[in-house]
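Student:
Number of protein chains: 2
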Amino acid sequence: MKIIITGGSGFLGQRAARELLKRSQVNDADGNPQPIREIGLVDIAPPLNGLSDATVRYAVGDAANPKFIAETLGDDTDGIFHLAAVVSGAAEADFDLGMRVNIDGTRGLLDACRRLRKPPRVLFASSVAVFGAPLPELVTDATTPIPHSSYGIQKLIGELLVSEYSRKGFIDGRSVRLPTVSIRPGKPNAAASSFASGILREPLNGIEAICPVEPDTKLWLISPRLAVECLLHGFDLPAGELGRIRSLSLPGITVSVDEMVASLKRVAGPAAARRIRWEPDEGIKQIVKSWPARFDTTRANSLGFPRDEGGFDRIIDDYVRDEGLKLQPKY
Amino acid sequence: MKIIITGGSGFLGQRAARELLKRSQVNDADGNPQPIREIGLVDIAPPLNGLSDATVRYAVGDAANPKFIAETLGDDTDGIFHLAAVVSGAAEADFDLGMRVNIDGTRGLLDACRRLRKPPRVLFASSVAVFGAPLPELVTDATTPIPHSSYGIQKLIGELLVSEYSRKGFIDGRSVRLPTVSIRPGKPNAAASSFASGILREPLNGIEAICPVEPDTKLWLISPRLAVECLLHGFDLPAGELGRIRSLSLPGITVSVDEMVASLKRVAGPAAARRIRWEPDEGIKQIVKSWPARFDTTRANSLGFPRDEGGFDRIIDDYVRDEGLKLQPKY
Numbered sequence: 001m002k003i004i005i006t007g008g009s010g011f012l013g014q015r016a017a018r019e020l021l022k023r024s025q026v027n028d029a030d031g032n033p034q035p036i037r038e039i040g041l042v043d044i045a046p047p048l049n050g051l052s053d054a055t056v057r058y059a060v061g062d063a064a065n066p067k068f069i070a071e072t073l074g075d076d077t078d079g080i081f082h083l084a085a086v087v088s089g090a091a092e093a094d095f096d097l098g099m100r101v102n103i104d105g106t107r108g109l110l111d112a113c114r115r116l117r118k119p120p121r122v123l124f125a126s127s128v129a130v131f132g133a134p135l136p137e138l139v140t141d142a143t144t145p146i147p148h149s150s151y152g153i154q155k156l157i158g159e160l161l162v163s164e165y166s167r168k169g170f171i172d173g174r175s176v177r178l179p180t181v182s183i184r185p186g187k188p189n190a191a192a193s194s195f196a197s198g199i200l201r202e203p204l205n206g207i208e209a210i211c212p213v214e215p216d217t218k219l220w221l222i223s224p225r226l227a228v229e230c231l232l233h234g235f236d237l238p239a240g241e242l243g244r245i246r247s248l249s250l251p252g253i254t255v256s257v258d259e260m261v262a263s264l265k266r267v268a269g270p271a272a273a274r275r276i277r278w279e280p281d282e283g284i285k286q287i288v289k290s291w292p293a294r295f296d297t298t299r300a301n302s303l304g305f306p307r308d309e310g311g312f313d314r315i316i317d318d319y320v321r322d323e324g325l326k327l328q329p330k331y
Numbered sequence: 332m333k334i335i336i337t338g339g340s341g342f343l344g345q346r347a348a349r350e351l352l353k354r355s356q357v358n359d360a361d362g363n364p365q366p367i368r369e370i371g372l373v374d375i376a377p378p379l380n381g382l383s384d385a386t387v388r389y390a391v392g393d394a395a396n397p398k399f400i401a402e403t404l405g406d407d408t409d410g411i412f413h414l415a416a417v418v419s420g421a422a423e424a425d426f427d428l429g430m431r432v433n434i435d436g437t438r439g440l441l442d443a444c445r446r447l448r449k450p451p452r453v454l455f456a457s458s459v460a461v462f463g464a465p466l467p468e469l470v471t472d473a474t475t476p477i478p479h480s481s482y483g484i485q486k487l488i489g490e491l492l493v494s495e496y497s498r499k500g501f502i503d504g505r506s507v508r509l510p511t512v513s514i515r516p517g518k519p520n521a522a523a524s525s526f527a528s529g530i531l532r533e534p535l536n537g538i539e540a541i542c543p544v545e546p547d548t549k550l551w552l553i554s555p556r557l558a559v560e561c562l563l564h565g566f567d568l569p570a571g572e573l574g575r576i577r578s579l580s581l582p583g584i585t586v587s588v589d590e591m592v593a594s595l596k597r598v599a600g601p602a603a604a605r606r607i608r609w610e611p612d613e614g615i616k617q618i619v620k621s622w623p624a625r626f627d628t629t630r631a632n633s634l635g636f637p638r639d640e641g642g643f644d645r646i647i648d649d650y651v652r653d654e655g656l657k658l659q660p661k662y
């Protein structure tokens, strides 16, 4: 199987590639495991300290460029993880950039799939940002997505394209709506949710972080480990189990900011929590308040998607282990 | 006010232009009536026996060509009725054509709006085809649209773009979901719903028509008169009354095919009804069965959209009068 990952230099792309290498196989259309012979990581820039392996190739270029993406796919790609995207804050700040990468890029990729020898399986990383206020207290798979951001609209249009190209038999697609991923390694980014990792990551590294929202703010989160497991599970699911509805919300956990800080204290001590500066930002508060914090993910559960068990303490523990962090003094 | 109608050679475009000329004014952004100084009718071909008036200009070209549409809008267009579309059957048969006209055409038009002197009002003619089976018995404005056709997906993406461009302040947009329009004048077209006009129009003209569905098939219909009135009402609505949700289903009537035929008998006699040949077509039956036939249009009603009163007999009477038909002998 030849697998392509767009956004392959990003942290989810790199971790997905690493996990695929570890497993060394993915399911084919009939649900039978097949060895992975090549993983192509596509991104606008090579990763810093990227994964290196004989199976892995890098293709550096603009995923929204149809010629580049067609050459990268060749005619023998079997599966695609489409993770490349302009994130929420950036898509809001630069409308045309978001439209080009998030919509034209997705459509160009799907059109390139039509020229492959056989319809590939496509896993599209969507987002709970397809939902916007006003929302019910509990969002279900039947709740109508009404996005209230450019990013959300662009992801929802991506889902509709994935669904339609699947119906036409051009691809075997599926879209999974990711909760906010926390704790993301690396640096703050242009997402309005950037703080949801920053208020943990920076203090764990002995650095100050700003929290722009109130302590009682509730978030719908998934850990990096589970996010990657869900992407791979979503890819491996046979089309027959999905049926006609190709979009679903992934399992997550509802955590308030003060619960996250309490976990930080338990794992890394009160000194870490003191590195958070509380500086409410009205703009970010408004955006974050519009996000749903509670989901009924019955469908994902029944399709066997894994869930974060062990609460937020465990997510911090995993982060510390995965990143090889040495904790700062606790007091 | 300078008004542009895309799909201006089509029967709805021509009738909308005629009605605008009759009224001679539309509401501006503040809800105040302003005189219409120009109506630009844009289409790929000029109409047969088209409307002729000093206020009306024709622009013949491809609405999906950004340069053509930008030149047509100039920088002083105040309002747009975006009716141009590849219809359902044609969009299903030629996927790329549907994508180009129904998605790229809509996006190109909306992007051209960003270069106008001020954000124009845009009325987008969407369709109940955004809904696909399985559906509840009664479709409400809260029902999630899950299209099951290329046309439906393309219309839904158009709605999302209209909503997003409105949120960004590029346009003041609104999307109205039209029921099947019956009785359409002219010739059968590539829409799966073509029969819903054909089984009345052809017999009224003394011609045989094929009915591909069962007599108990229920349809959600709007008359041409009401369709045009609803388009104009939707255009005139102040943005404040619409709020954030820019899409809504128009009022229609639920009529079964045998009720339509009974109306035909009452208005034009049993001889007309005998001109219908019943030849069920499994393909069309499946498509038509997937369409919702009952809607709760509370939102449209409360926004003052007009409704068809007087049942289907009245719709046939209006058609006969509007088209200046001479009825055939009744027996």
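Residue numbers (this note's numbering), protein chains in the order written: chain X, 1 to 331; chain P, 332 to 662.
The beta carbon of each residue, even a glycine, is placed where N, CA and C say it ideally should be.
1. What residue from P:Gly642, P:Arg577, P:Gly405 has the CA that sits closest to Arg597 (chain P)'s CA?
2. Going by C-alpha distance, which of X:Trp278, X:Ala64, X:Asn32 is nearest Leu110 (chain X)?
3. Please identify the residue among P:Ala360, P:Arg452, P:Glu640 whose C-alpha is closest to the C-alpha of Gln556 (chain P).
4. Tell me the DSSP secondary structure of Ala544 (chain P) in three-state form.
5. Is Lys326 (chain X) buried or exposed, if buried means 16 or more other CB atoms sit within 10 Å of its CB?
6. Assign Arg18 (chain X) to one of three DSSP states: helix, strand, or coil.
7. Along the chain, where does the alpha helix (DSSP H) that runs through Lys661 (chain P) open and close?
8. Run through the DSSP bridge pairs and tell me what Trp622 (chain P) is partnered with.
9. Which residue wins for smallest C-alpha separation from Pro145 (chain X), given the options X:Leu303, X:Ser290, X:Glu323?
10. Along the region 220-250 of chain X, where does the CB come closer than 8 Å to a CB of chain P? Name the residues.
11. Alpha carbons only, please: which of P:Pro510, P:Ala540, P:Pro534 is nearest the one belonging to Pro623 (chain P)?
12. With a floor of 3 residues, list each beta strand (DSSP E) that falls wholly inside the region 154-231 of chain X, ordered by position along the chain.
13. Going by Cα to Cα distance, which pick from X:Ser149, X:Lys330, X:Glu229, X:Leu156 is closest to Ile284 (chain X)?
14. Does any residue of chain P bring its CB to less than 8 Å from the CB of Ile153 (chain X)?
15. If you scan the region 430-469 of chain P from start to end, which runs of the beta strand (DSSP E) of 3 or more residues do you find wholly inside it?
16. Which residues in the same chain as Val60 (chain X) place their Cβ atom closer than 6 Å to its Cβ, once the five residues preceding and following it in sequence are excluded?
17. What span of residues does the beta strand (DSSP E) with Pro46 (chain X) cover, start to end?
18. Given Thr628 (chain P), which residues of its chain have a CB within under 6 Å of its CB, disregarding the five upstream and five downstream residues?
19. Is the Cβ-Cβ distance between Val122 (chain X) and Val162 (chain X) less than 8 Å?
20. So the alpha helix (DSSP H) Asn632 (chain P) belongs to, where does it begin and stop?
21. Does DSSP put Phe342 (chain P) in a helix, in a strand, or in coil?
22. With respect to the beta strand (DSSP E) encompassing Phe412 (chain P), which residues constitute its N-terminal and C-terminal limits?
23. Per the contact definition of three or more C-beta pairs closer than 8 Å, is the region 315-326 of chain X in contact with the region 178-197 of chain X?
24. Need the endpoints of the alpha helix (DSSP H) that Leu325 (chain X) sits in, please.
25. Arg638 (chain P) to Thr403 (chain P), Cα distance in whole Å?
26. If the criterion is Cβ atoms closer than 8 Å, does the pair Val461 (chain P) and Leu491 (chain P) meet it?
27. Can you list, in chain order, the residues of its chain with a C-beta nearer than 7 Å to that of Pro595 (chain P)? Leave out the 5 residues immediately preceding and following it.
28. Which term fits Thr437 (chain P), buried or exposed, when burial requires 16 or more other beta carbons within 10 angstroms of its beta carbon?
29. Go to Arg318 (chain P), then tell me how far its alpha helix (DSSP H) extends in each direction, as first and last residue.
30. Since Asp406 (chain P) and Arg368 (chain P) are thought to touch, with beta carbons under 8 Å apart, how far apart are those beta carbons, to the nearest angstrom?
31. Measure the alpha-carbon distance for Trp220 (chain X) versus Ala473 (chain P) and round it to whole angstroms.
32. Check Ser480 (chain P) in the structure and name its three-state DSSP category.
33. Give the DSSP-derived three-state secondary structure of Glu38 (chain X) in the structure shown.
34. Where DSSP assigns a beta bridge to Lys333 (chain P), which residues make up the other side?
35. Taking 8 Å as the CB-CB limit, is Ala473 (chain P) close to chain X?
Tutor: This is what the structure gives:
1. Residue P:Gly642 is the option with its Cα nearest to Arg597 (chain P).
2. X:Ala64
3. Note on identity: in this sequence residue 556 (chain P) is Arg, with Gln being the wrong assignment. Taking only the C-alpha atoms, the option nearest Arg556 (chain P) is P:Glu640.
4. Before going further, note that residue 544 (chain P) is Val rather than Ala in the sequence given. Val544 (chain P) falls in the coil class under three-state DSSP.
5. exposed
6. helix
7. First-last for Lys661 (chain P): undefined, no H or E at that position.
8. DSSP, once it has assigned bridges, lists no residue as partnering Trp622 (chain P).
9. For the set X:Leu303, X:Ser290, X:Glu323, the Cα lying nearest the Cα of Pro145 (chain X) is the one of X:Ser290.
10. Arg244, Ile245
11. The shortest Cα separation from Pro623 (chain P) among P:Pro510, P:Ala540, P:Pro534 belongs to P:Pro510.
12. The qualifying runs are 172-178, 209-211, 218-222.
13. X:Ser149
14. yes
15. Whole beta strand (DSSP E) segments, 3+ residues: 452-458.
16. Pro46
17. Careful: Pro46 (chain X) lies outside any beta strand (DSSP E) and carries neither H nor E.
18. Ser580, Pro582
19. yes
20. 629-633
21. DSSP places Phe342 (chain P) in helix when its eight states are reduced to three.
22. 410-413
23. Taking 8 Å as the limit for Cβ pairs, the verdict is that the region 315-326 of chain X does touch the region 178-197 of chain X.
24. Note, Leu325 (chain X): premise wrong, no alpha helix (DSSP H); not H, not E.
25. 33 Å
26. With contacts defined by Cβ atoms closer than 8 Å, Val461 (chain P) and Leu491 (chain P) do not form a contacting pair.
27. Reading off the sequence, residue 595 (chain P) comes out as Leu, not Pro. Result list for Leu595 (chain P): Leu531, Pro534, Ala603, Ala604, Ile647, in chain order.
28. Per the 10 Å Cβ criterion, buried.
29. Any answer about residue 318 (chain P) is impossible in this case: the structure gives chain P only from 332 up to 662.
30. With 8 Å as the limit, Asp406 (chain P) and Arg368 (chain P) do not qualify as a contact, their Cβ atoms being about 15 Å apart.
31. Each residue's Cα considered, the two are about 24 Å apart.
32. In the structure shown, Ser480 (chain P) falls within a coil segment according to DSSP collapsed to helix, strand and coil.
33. strand
34. P:Glu369
35. With a threshold of 8 Å between beta carbons, Ala473 (chain P) makes contact with chain X.
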